[in-house]
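A short worksheet on the structure shown next.
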Amino acid sequence: MMNMKYKTIIFILLILISAYICGVYLPWWSVMIASFLIAFLFPLSLGISFSLALLLTAAVWYFVSSYIQNSSGSDLLIMIGEMFMGVSMLQLFIITGIIGGVSAGLGAITGTALRRVQGK
920 MMNMKYKTII
930 FILLILISAY
940 ICGVYLPWWS
950 VMIASFLIAF
960 LFPLSLGISF
970 SLALLLTAAV
980 WYFVSSYIQN
990 SSGSDLLIMI
1000 GEMFMGVSML
1010 QLFIITGIIG
1020 GVSAGLGAIT
1030 GTALRRVQGK
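Per this note's numbering, the sequence shown runs over residues 920 to 1039.
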């Protein structure tokens, strides 16, 4: 049986990789499926699975969206912010991170819970 320390490290690495891949190349909801599978294969406690998936995915999505904006130099994000009553770019980055993080957290908690229900 795998040591809890190694299971947590593998969980963190896989969540980081999947958050990046899902955030850049796949539809936004695919992060839920990826975190579900990771949490099902490497189950931690419900709280830790949810917390790690939420925080790591939110951070990755925040930094990826800010990097894409900074490298493109486009005014599109400013126009989107104006459509939402003057929301700043920073607030849009935070909202993006929260959406990705909560989605991943819900997927992870579901994967961990399903693993427990199956009794593995």
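For every residue, glycine included, the Cβ atom is placed at its ideal position computed from N, Cα and C.
Asked                                                                                                                                                         : Found
To the nearest angstrom, report how far apart L933 and D994 are at their CA atoms.                                                                            : 33 angstroms
Who are the near neighbours of G1024 in its chain, counting only those whose CB is closer than 7 angstroms to its CB and skipping five residues on each side? : F969, A972 and L973
Look at L996 and L1009 and say whether their C-beta atoms are less than 8 angstroms apart.                                                                    : no
When the Cα of I987 is compared with those of Y939, K926, A958 and L956, which residue comes out closest?                                                     : Y939
What does the Cβ neighbour count give for V943, buried or exposed, with the cut at 16 atoms within 10 Å?                                                      : exposed
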